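If you read the sequence shown in the working numbering, its first letter stands for residue 6, the second for the next number, and so on. For reference, the structure discussed in these notes is given below.
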Amino acid sequence: PTQDDRSARRRLGDTMPVMLRLRTRDGTERVSVEDGCTLKDLRFVIQQTFGVPTQDQTLSLQQELLLSKGDYVAEFVDLHAGRKNDGKKLKALGIEHGGFVYLRYSVSREPTPTHAAQHRQELRGGKQTVNGMIAAQTRIERQEHAKCASVSFDQHCANNFQSYVNNTLGFNQMRFGWMFGVVAEADGAIQVHAIYEPEQEGTCDRFDLRRSGGDEDLRVKALAQTLGLTKVGMVFNVANVEESPRDFTLSSFEVRMMAECQAKYGKNFVTAVVMQLEDENESGDVTKQVSIEPFQVSEQCVALFNDGWFHDEPCSDKGMTRMRKPLIVNDGVSKDVTEVDNDRFLVPVKILDHEGPLATSFPVENRLHPIQTSEDLGDALRKTTNTYAKRLLDFHLLLFLSKHLDATDLNMVATQANSDNGEVQEGHKIIIDSLAGL
């Protein structure tokens with residue numbers, strides 16, 4: 006070491022440590038110096054720690070240094086080496102503990118094992134778990150593939166929900182439903198056979214559900230179990246209100262609920278979003294089309310939610326989610342943010358359709374119109390093309406019956422209705438016919 010090097014070491018040994026973050030084109034590195042450190046001392050530490058010669062270091066407090074395509078050495082001179090700056094302490098130059106200093110160099114080097122180096126390894130194909138990303142300085146990464154291989158909707162079930170939000174609600178408010186179906190063990194593919202719409206209040210930008218655990222929730226859970234169904238996802242529509250046009254895919258309220266539900270119900274849980282889209286034909290005429298789009302949020306989004314990163318205070322831009330601590334995103338250059346575009350969390354899911362085992366002709370519970378009545382039960386029972394048991398094989402009809410039959414009787418009726426050659430007991434027929442006014 007030179008005399009200057011030894012002098013620098015003596016000066017650094019007499020003061021308290023300060024942590025700085027060096028943002029380079031390779032990522033972010035961390036370096037510890039002492040409180041009395043000068044700019045010349047910092048250059049020496051960078052050389053010793055990262056192997057970048059002092060004469061090849063271009064330092065700046067301006068992030069644009071990393072994007073410059075011109076003569077960046079001449080362009081960025083705020084921390085230029087020389088008599089003017091070398092002897093100044095970092096504080097005098099505006100460099101504080103925890104602050105960023107931007108560094109550019111031309112040499113090739115092996116990165117040190119810092120958080121930034123770990124991120125670079127991941128980008129090159131190295132493996133890193135979600136927990137590892139959370140433990141390190143967190144970089145938001147897009148997830149390429151959903152954990153749910155695909156979701157298939159019973160056509161009548163999906164059309165029933167879409168028709169209600171389009172023709173009755175006019176997409177003026179949000180509507181929510183729990184999706185029940187089955188999950189394939191091999192690849193997590195989902196089939197949706199029924200949609201249950203709980204009691205709720207909807208506005209143009211959110212929905213509020215009645216507290217779970219009530220009598221109807223318990224009856225729904227018992228009925229689904231009898232039919233061999235589990236809660237596989239949720240569905241809601243996006244309101245289309247002229248006074249408040251939406252220029253984003255999903256809001257922070259919606260993304261937060263998706264993360265909460267995937268955390269609670271498992272990695273295959275899927276969310277279906279019903280949207281009204283404008284379609285322009287060759288003549289320039291614009292028509293509105295109703296579409297259903299399935300999504301999941303990324304595993305990283307779920308982990309962030311579980312670890313309490315989501316801030317309760319919303320962003321002014323509803324398409325962004327506010328975080329409690331800064332995260333790293335990459336928009337051409339890495340940057341720290343506390344507001345994340347919700348699209349970074351969304352993972353599309355492949356959509357299919359099928360004809361499920363359940364009928365969907367009975368009115369759906371908790372809707373404004375039509376409401377469920379005993380006359381509807383009578384109409385269903387008069388359809389003599391099916392056996393008596395099969396006439397009852399409608400999720401909403403059986404849920405209606407659950408209000409009038411005790412749990413044991415309903416279980417027996419639903420089991421027979423769901424069996425290939427099921428026969429409803431005569432005593433149950435008498436009760437059900439009486440309810441229907443037959």
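All C-beta atoms, glycine included, are put in the ideal place defined by N, C-alpha and C. Since the model is a prediction, treat every value here as computed from it, not as a measurement.
Host alpha helix (DSSP H) of K269 (start-end): For the purposes of this step, residue 269 is identified with residue 264 of the sequence shown, where counting begins at 1. S257 to Y270 is the extent of the alpha helix (DSSP H) around K269.
Backbone CA spacing between L25 and A97 [nearest angstrom]: The residue labelled residue 25 in the question sits at position 20 within the sequence shown. The residue labelled residue 97 in the question sits at position 92 within the sequence shown. Answer to the nearest angstrom: the Cα atoms are 15 angstroms apart.
Secondary structure of H316, DSSP reduced to three states: Taking the first residue of the sequence shown as 1, we reach residue 316 at position 311. In the structure shown, H316 sits in coil (DSSP, three-state: anything other than H, G, I, E or B).
Coil, strand or helix - F241 by DSSP: In the sequence shown, residue 241 corresponds to position 236, counting from 1. It is a strand residue.
Other residues of its chain near V354: CB distance less than 7 angstroms, five sequence neighbours each side excluded: Translated into positions along the sequence shown, residue 354 becomes position 349. Counting only Cβ-Cβ distances below 7 angstroms, and skipping sequence neighbours, we find A151, C153, S155, V156, V275, P299, F300 and Q301.
Assigned secondary structure, V302 (DSSP; H/G/I helix, E/B strand, else coil): Start at 1 with the first residue of the sequence shown, and residue 302 comes out as number 297. In this structure, V302 counts as strand in the three-state DSSP scheme.
Beta-carbon contacts of S321 that lie in its chain and below 7 angstroms, excluding the five residues immediately before and after: The count along the sequence shown starts at 1 and reaches residue 321 at position 316. Nothing meets the Cβ criterion.
Delimiting residues of the beta strand (DSSP E) encompassing D159: Sequence index remark: in the sequence shown, residue 159 carries index 154 (1-based). From DSSP, the beta strand (DSSP E) with D159 extends over V156 to D159.
Range covered by the alpha helix (DSSP H) that runs through Q205: In the sequence shown, residue 205 corresponds to position 200, counting from 1. It is not in any alpha helix (DSSP H) - Q205 instead sits in the beta strand (DSSP E) that spans Q205 to G207.
Check: F405 C-beta below 6 angstroms from any heavy atom of the ligand ATP: Here there are no bound small molecules, and the ligand ATP is not part of this structure.
L397 to N171 span [Cα, whole Å]: Your numbering for residue 397 matches position 392 in the sequence shown. Your numbering for residue 171 matches position 166 in the sequence shown. So the two alpha carbons sit approximately 28 angstroms from each other.
Counted within 10 angstroms of its Cβ, other Cβ atoms place E431 as buried (16 or more) or exposed: The sequence position of residue 431 within the sequence shown is 426, counting from 1. E431 should be labelled exposed.
Candidates D192, T390, V342 and Y110, of which the one nearest I145 by Cα: Against the sequence shown, residue 145 aligns to sequence position 140. Comparing Cα positions, the closest option is V342.
Close-in-space but distant-in-sequence residues of the same chain around F176 (CB under 7 angstroms, 5 per side omitted): Working through the sequence shown from its first residue, we reach residue 176 at position 171. Cβ neighbours of F176 beyond the five flanking positions: V170, N242, A244, N245 and Q281.
Beta-carbon proximity list for I376, same chain, < 7 angstroms, skipping 5 on both sides: To locate residue 376, count along the sequence shown from 1; it is residue 371. Excluding residues within five positions, the ones whose Cβ falls inside 7 angstroms are P368.
Inter-residue spacing [alpha-carbon to alpha-carbon] between I435 and Q421: As a working mapping, residue 435 is identified with position 430 in the sequence shown. As a working mapping, residue 421 is identified with position 416 in the sequence shown. Approximately 15 angstroms, taken between the alpha carbons.
A199 burial status per 10 Å Cβ neighbour count (16 or more: buried): Residue numbering aside, residue 199 sits at position 194 when the sequence shown is read from its first letter. The residue is buried, with at least 16 neighbouring Cβ atoms inside 10 Å.
Status (buried if at least 16 other CB within 10 Å, exposed otherwise) for L5: Nothing about residue 5 can be reported from this structure: the residues present for the chain run from 6 to 443 only.
Counted within 10 angstroms of its Cβ, other Cβ atoms place A364 as buried (16 or more) or exposed: To locate residue 364, count along the sequence shown from 1; it is residue 359. Its Cβ being crowded by 16 or more others within 10 Å, A364 is buried.
Inter-stretch contact (C-beta, 8 angstroms, three-pair minimum) for the segment 53-62 and the segment 100-116: Short answer: they touch.
Cα-Cα separation between R35 and T29, rounded to whole angstroms: The residue you call residue 35 lines up with position 30 of the sequence shown. The residue you call residue 29 lines up with position 24 of the sequence shown. Between R35 and T29, the C-alpha separation is close to 11 angstroms.
Buried or exposed by the 16-neighbour rule on C-beta atoms within 10 Å, applied to D384: Residue numbering aside, residue 384 sits at position 379 when the sequence shown is read from its first letter. When all chains shown are included, D384 counts as exposed.
Cβ contact check for the segment 346-361 and the segment 35-47: 3 or more pairs under 8 angstroms: Result no; under three Cβ-Cβ pairs closer than 8 angstroms.
CB contact flag (L47, V38, <7 angstroms): By one-based count along the sequence shown, residue 47 stands at place 42. By one-based count along the sequence shown, residue 38 stands at place 33. Yes. Within cutoff.
Element boundaries [beta strand (DSSP E), containing R26]: Here residue 26 corresponds to residue number 21 of the sequence shown, with the count starting at 1. Note, R26: beta strand (DSSP E), P22 to T29.
Exposed unless 16 or more other CB atoms sit within 10 angstroms - verdict on V82: Residue 82 sits at position 77 when you count from the first residue of the sequence shown. V82 comes out exposed.
Residue of G182, A189, G186 and E318 minimising C-alpha distance to G207: Start at 1 with the first residue of the sequence shown, and residue 207 comes out as number 202. For G207, the nearest C-alpha among the options comes from G182.
Per-residue burial, G87 [other beta carbons within 10 Å of its own, 16 or more giving buried]: For this step, residue 87 is matched to residue 82 along the sequence shown. Its Cβ having fewer than 16 others within 10 Å, G87 is exposed.
Spatially closest choice to Q294 from K236, N164 and N335, by CA coordinates: The count along the sequence shown starts at 1 and reaches residue 294 at position 289. The candidate whose alpha carbon is nearest that of Q294 is N164.
Bridge partner(s) assigned by DSSP for P353: Residue mapping note: residue 353 aligns to position 348 of the sequence shown, counting from 1. P353 is bridged to F300.
Simplified DSSP assignment, three categories, for L398: Locating residue 398 in the sequence shown gives position 393, where the first residue counts as 1. In this structure, L398 counts as coil in the three-state DSSP scheme.
Endpoints, beta strand (DSSP E) assigned at T343: One-based indexing of the sequence shown puts residue 343 at position 338. S339 to D346 is the extent of the beta strand (DSSP E) around T343.
C-alpha gap between K74 and P203, whole angstroms: Here residue 74 refers to the residue found at position 69 when the sequence shown is read from its first residue. Here residue 203 refers to the residue found at position 198 when the sequence shown is read from its first residue. Answer to the nearest angstrom: the Cα atoms are 57 angstroms apart.
Buried or exposed by the 16-neighbour rule on C-beta atoms within 10 Å, applied to R216: For the purposes of this step, residue 216 is taken as residue 211 along the sequence shown, with counting starting at 1. It is exposed - the Cβ of R216 has fewer than 16 other Cβ atoms within 10 Å.
For D399 and K408, the rounded distance between their alpha carbons: Numbered from 1 along the sequence shown, position 403 holds the residue referred to as residue 408. Numbered from 1 along the sequence shown, position 394 holds the residue referred to as residue 399. Computed Cα separation, rounded: 15 angstroms.
Among K395, Q196, L402 and G233, nearest to G380 - alpha-carbon criterion: Numbered from 1 along the sequence shown, position 375 holds the residue referred to as residue 380. A small fix is needed here, since residue 380 is Glu in this sequence, not Gly. With distances taken between Cα atoms, E380 lies closest to L402.
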